[in-house]
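K.L.:
Its first residue numbered 18, the sequence shown is counted upward by one per residue in the working numbering.
Positions of the beta carbon are idealized from the N, C-alpha and C atoms, including for glycine.
Here the structure is a predicted model, which is why all the values come from computation and not from measurement.
Questions regarding the structure given below will be posed in turn.
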Amino acid sequence: MSEAPIQQHIEALIFSAQGSISEEDIRMAIYSALQVQLSKADVEAACLALEKKYADAFFSFRPVRIGGGYQFLTKPDYFNVVNVLQQQQSKKKLSQAAIETLAIIAYRQPITKLEIEQIRGVNSDYSVQRLLEKELISIAGKSDGPGKPILYGTSAQFMDYFALSSIDQLPRLKDIAADENSIGAVND
Numbered sequence: 018m019s020e021a022p023i024q025q026h027i028e029a030l031i032f033s034a035q036g037s038i039s040e041e042d043i044r045m046a047i048y049s050a051l052q053v054q055l056s057k058a059d060v061e062a063a064c065l066a067l068e069k070k071y072a073d074a075f076f077s078f079r080p081v082r083i084g085g086g087y088q089f090l091t092k093p094d095y096f097n098v099v100n101v102l103q104q105q106q107s108k109k110k111l112s113q114a115a116i117e118t119l120a121i122i123a124y125r126q127p128i129t130k131l132e133i134e135q136i137r138g139v140n141s142d143y144s145v146q147r148l149l150e151k152e153l154i155s156i157a158g159k160s161d162g163p164g165k166p167i168l169y170g171t172s173a174q175f176m177d178y179f180a181l182s183s184i185d186q187l188p189r190l191k192d193i194a195a196d197e198n199s200i201g202a203v204n205d
């Protein structure tokens, strides 16, 4: 058994969880790792002690009870600086798949995910989700087709990101695509 108090193990679990971690998951992890059986009250008491510990102004984050579990979140005083970092990170490079998906949406909007996938020939769920998260695309409505699928279009963030005042400023496809019927190099 580890020498660290149970509260520190619970703190480590909350810190390392991808999202909110339930009391039950905490109890199961502690039992599996340390063979210590905790009651719901034990976990609640440890989490309450952690809340008191992190209430100190020294800490920029705190454990918060969310959706039936616990998660460390930034304190409101630090939201602005964290928001700046998140915006900077969201502007980082897009994957090739996301770039392809974004180009299809930009030139064919409004467009459904099925239409995007038919053009690309592969599933585009992840790319569409990432572009929505980065706010480069937005939901533009619903199609009148069967099942009324969601239509996607570019967002105001897309326009800012690519320094466009109008979607008409995108290069025309015929200006950037090679002539499919030509052979060899183009002579000037």
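(1) From proline 93 to phenylalanine 75, what does the alpha carbon distance come to, in whole angstroms?
(2) I need the boundaries of the beta strand (DSSP E) containing lysine 159, first residue and last residue.
(3) Consult DSSP for proline 127 and reduce its assignment to one of helix, strand or coil.
(4) Taking the beta carbon of valine 60 as the centre, do at least 16 other beta carbons fall within 10 Å, making it buried, or is it exposed?
(5) Could you give the residue range of the alpha helix (DSSP H) that holds tyrosine 95?
(6) Have a look at the DSSP bridge pairing and note the partners of proline 80.
(7) Starting from leucine 168, trace the beta strand (DSSP E) in both directions and tell me its first and last residue.
(8) Helix, strand or coil, according to DSSP, for serine 39 in the structure here?
(9) In this structure, how does DSSP classify asparagine 100 when only helix, strand and coil are distinguished?
(10) What residue range is occupied by the uninterrupted alpha helix (DSSP H) comprising glutamine 214?
(11) Tell me whether phenylalanine 175 sits in a helix, a strand or coil according to DSSP, three-state version.
(12) Please return the same chain residues whose Cβ sits closer than 8 Å to the Cβ of glycine 162, not counting the five positions on each side in sequence.
(13) Going by CA-CA distance only, name the one from Ala115, Ser56, Ser77 and Glu28 that's closest to glutamate 152.
(14) Contact between the region 85–104 and the region 129–148: three or more CB pairs below 8 Å?
(15) Taking all protein chains shown into account, do 16 or more other C-beta atoms lie within 10 angstroms of the C-beta of alanine 21, making it buried, or fewer, making it exposed?
(16) Under DSSP, the alpha helix (DSSP H) around glutamine 52 begins and ends at which residues?
(17) Ignore the nearest five residues each way along the sequence and tell me which others in cysteine 64's own chain have a CB closer than 6 Å to its CB.
P.N.:
From the atom records:
(1) 14 Å
(2) 154–159
(3) coil
(4) buried
(5) That residue, tyrosine 95, is in no alpha helix (DSSP H); it is neither H nor E in DSSP.
(6) Phe89
(7) 167–171
(8) strand
(9) helix
(10) For the chain, the structure presents residues 18 to 205; residue 214 sits outside this window and is missing.
(11) helix
(12) Thr129
(13) Ala115
(14) no
(15) exposed
(16) No alpha helix (DSSP H) holds glutamine 52; DSSP gives it neither H nor E.
(17) Tyr87
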